[in-house]
Amino acid sequence: MAVGLLLGTVAAHADNGLELAKKSGCLSCHSVDTPKVGPSYKSVAAKYRGQPGVEAKLIAKVTRGGSGSWGMMPMPAKGGNANLSEEDIKNLVKWILSR
Numbered sequence: 001m002a003v004g005l006l007l008g009t010v011a012a013h014a015d016n017g018l019e020l021a022k023k024s025g026c027l028s029c030h031s032v033d034t035p036k037v038g039p040s041y042k043s044v045a046a047k048y049r050g051q052p053g054v055e056a057k058l059i060a061k062v063t064r065g066g067s068g069s070w071g072m073m074p075m076p077a078k079g080g081n082a083n084l085s086e087e088d089i090k091n092l093v094k095w096i097l098s099r
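The structure is reproduced here in structure tokens:
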């Protein structure tokens, strides 16, 4: 029973993260598996896996934007979505790092 609840929670988290990425416009430049204008979420997770402080670093990167980490194309602040909340950014980063 507990395993079923845990798997249901993991699946819900994955669905919520993808839905949030879709509704926030993130998938215009990113995808889960394949690079587009920006890196895939799996590539981001692999690059930063196990690094101390990475969650805070990526939250700051999404919030402020930047360039140079993945080529010359800059990431706009909040991915160009001024309505993206701090809580949404935190949830997106956690979801991305779980890929």
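With UniProt numbering, letter number 74 in the sequence shown gets 74, and the count goes up by one each step, no holes. Glycine included, each C-beta is placed from N, C-alpha and C at the ideal position.
Go ahead and pull the three-state DSSP assignment for Gly-79. Of the three classes helix, strand and coil, the one that applies to Gly-79 here is helix, per DSSP.
On the DSSP letters alone, give me the boundaries of the alpha helix (DSSP H) that Ser-31 sits inside. That residue, Ser-31, is in no alpha helix (DSSP H); it is neither H nor E in DSSP.
Where the alpha helix (DSSP H) through Lys-36 begins and ends: Neither: Lys-36 is in no alpha helix (DSSP H) and is coded neither H nor E.
With distances taken Cα to Cα, identify the nearest neighbour of Thr-63 among Glu-86, Glu-19, Ser-69. Closest option to Thr-63, judged by alpha-carbon separation, among Glu-86, Glu-19, Ser-69: Glu-86.
Straight-line gap, Met-73 to Ser-67 (C-alpha atoms, nearest Å): Looking at the two C-alpha atoms, the distance is approximately 6 Å.
Any C-beta of chain C sitting closer than 7 Å to the C-beta of Glu-86? Absent from the structure is chain C; it holds one protein chain and no more.
Determine the closest residue to Leu-92 out of Tyr-41, Gly-71, Gln-51, with distance taken between C-alpha atoms. Looking at the Cα atoms, Tyr-41 is the closest of the given residues.
Three-state class that DSSP yields for Gly-66 in the structure shown: Reduced to three states, the DSSP call for Gly-66 is strand.
Reduced DSSP secondary structure (H/G/I, E/B, other) of Gly-17: Three-state result, Gly-17: helix.
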